[in-house]
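Going by the UniProt record's numbering, the letters in the sequence shown line up with residues 1 to 435, in that order.
All C-beta atoms in this analysis are idealised placements derived from N, C-alpha and C, irrespective of residue type, glycine included.
What follows is a set of notes on a single structure, which appears directly below.
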Amino acid sequence: MEPDVVEIAPPLFPSGSRTRKPRKAGIPEVIDVEHYEFRNANLVDKKNKGKAIQDGSLYDHLADEEVVMSTTQPWGFPSSSSKRSRRSSSASSSRPRAAVEVVVSSAQANFLRDFKRFDTVDNFSKHHYASQGNASKQHSRTWVKKIQADWKILENDLPGYLVYILYADQCLLHYSLFFFWLQTETISVRACESRMDLLRAVIVGAEGTPYHEGLFFFDIHFPDTYPSVPPMVHYHSGGLRINPNLYNCGKVCLSLLGTWNGNAREKWLPQESTMLQLLVSIQALILNQKPYFNEPAYERTKGTPSGEAHSKFYSENVYVLSLRTMVYSMRKPPKHFEEFVRSHYFERAHDIVKASNAYIDGAPVGSIVKGGVQDIEESSENGSMKFRTEVATFMKTVVEELVKLGVKELEDKLKPPPNAEGSNKSNCKRSISSR
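Okay, here's the thing in structure tokens:
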């Protein structure tokens, strides 16, 4: 099925420029909000409503708290060990105590936090469309103004997701606490200052799809007649066909690009369509939960036993190809995204292994949601034996590449290929915990 056009809705929160300066060094440690609890509920004197608290500071009770140190990404899910630590407060204490998990973010997590979602670079010598023009080429004023407008939209409105974080500044027994919204990236773009006709974008695979945790790169070129005609887009396939709309030669098949048939509203509209709309369409409508049905001939079988069965096997193959794409990206990261690729996979390494272990155990592909695996009983079928074996086999290569990035304690966590006889045992519930 040819995806429809994505309409860009106004943001829920006012959006400022994403080209902010990196935060100053010495950033305080992070406390996981999920594991911070105000156990003393009597902070307000009900008989003196509206008056300030007289007995001590709002944060005085933190001086007696247990502090559990751990290292994880700022937006990561709490580990099971930290949950146990939270419950380890002494029962003999004269007053309730809260266990606070102080999370020390890694250098890679800090890099990803400060990585600008939109920025400009000096050159794109290895861009797919580098030979389509040169820096000295003159363009029309309309062309320049439209691309500058696209840059501004991308700078302000590239999609991400918000994570609520609590920071703690610890000084001896005193804590200063403050909250903020951390916006993590799902699409990042680099534009070229000397070649305004070139862009490069990376899209992070979404949860609940066979593309989760993966990075997918696209090179974009604005023709001389832009915006009368749509941009040209090339996918960094590595020779792999991971979607009916993404060819192994790099072609991107989409009505918005004029590379597929569609009605008038689905095609590029010079006065309305934007680069942001195009990237969101690729993210939401191509890299989706059931890519099998992107193929027009198969769309009508959606919801039928036969169609869903074929979709399942297609998605299983897509996940294996997505693992191969991870290795391809780690070995040959695109220019201007080298450190982004390394940091992304360093931070997601344990999640990738845990997800793959769940698939080896029989979890259906795409069942990874919010750091865990949905109950197997809630899904129609387990993963096929072929899929489980292929994941276990190729994950050895993935782990080797992740270890080269400096990720620790991965080799022993990877599960072996499934036993065919043991795979027919009772269908028990499985879940994975994040580190």
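Going by DSSP, which residues form a beta bridge with residue i?
i	result
Asn248	None; Asn248 has no bridge partner.
Ile352	BP columns for Ile352 are empty, so no partner.
Pro217	According to the sequence displayed, residue 217 carries Phe and not Pro. Phe217 pairs with Val202.
Ile187	Ile203
Cys192	Val121
Asn243	Leu246
Considering Cα atoms alone, identify which of the options is closest to residue i.
i	options	result
Tyr298	Glu207, Asn357, Ile360 and Pro244	Pro244
Thr393	Val144, Ile360, Cys192 and Phe340	Ile360
His128	Met395, Ala201 and Pro227	Ala201
Asp157	Gln271, Leu276 and Leu269	Leu276
Ile242	Pro418, Asn317 and Met330	Asn317
Pro364	Lys302, Asp150, Gly214 and Lys312	Lys312
Ser140	Asp219, Ser228, Glu338 and Leu215	Ser228
Met196	Trp151, Phe337 and Ile286	Trp151
Glu400	Gly366, Met330 and Arg388	Met330
Gly133	Asp224, Ile286, Val204 and Val252	Asp224
Leu199	Leu154, Met385 and Asn263	Leu154
Asp122	Arg190, Ser131 and Ile147	Arg190
Gln358	Glu338, Phe346, Gly383 and Val252	Per the sequence shown, residue 358 should be read as Ala rather than Gln. Taking only the C-alpha atoms, the option nearest Ala358 is Gly383.
Phe337	Ser131, Lys404, Tyr292 and Val204	Val204
Just checking my contact of residue i with residue j at CB under 8 Å: how many whole Å lie between their CB atoms?
i	j	result
Glu390	Val327	The pair is not a contact, with the Cβ atoms about 14 Å apart (cut-off 8 Å).
Leu254	Asn248	Not confirmed; about 16 Å, so no contact.
Arg117	Ser188	5 Å
Ser237	Gly258	Not confirmed; about 20 Å, so no contact.
Leu215	Val341	6 Å
Pro231	His221	6 Å
Ile352	Glu213	5 Å
residue 455	Val280	This structure cannot speak to residue 455, because the chain is shown only from 1 to 435.
Thr120	Cys192	7 Å
Gly366	Thr209	6 Å
What do you get for residue i, buried or exposed, if any count of 16 or more other CB atoms within 10 angstroms of its CB means buried?
i	result
Tyr265	The amino acid occupying residue 265 in the given sequence is Arg; Tyr does not appear at that position. Exposed, because fewer than 16 other Cβ atoms sit within 10 Å of the Cβ of Arg265.
Glu101	Its pLDDT being 48, under 50, Glu101 is placed unreliably in this model, and the value from its coordinates should be taken loosely. Buried, by the Cβ-count rule.
Lys290	buried
Ala107	exposed
Thr72	Its pLDDT being 40, under 50, Thr72 is placed unreliably in this model, and the value from its coordinates should be taken loosely. It counts as buried.
Glu409	exposed
Asp114	exposed
Asn294	buried
Ala109	buried
Asn261	exposed
Gln283	buried
Arg348	buried
Val144	exposed
Asp219	buried
Asn288	buried
First and last residue of the beta strand (DSSP E) that includes residue i?
i	result
Ser281	Premise fails: Ser281 lies in the alpha helix (DSSP H), Met275 to Ser281, not in any beta strand (DSSP E).
Tyr314	Run containing Tyr314: none in the beta strand (DSSP E); it sits in the alpha helix (DSSP H), Pro305 to Arg331.
Thr120	Phe118 to Val121
Tyr235	Met232 to Tyr235
The alpha helix (DSSP H) that contains residue i, what's its start and end?
i	result
Val144	Arg141 to Asp157
Val403	Met385 to Lys404
Tyr298	Pro296 to Glu299
Asp114	Ala107 to Asp114
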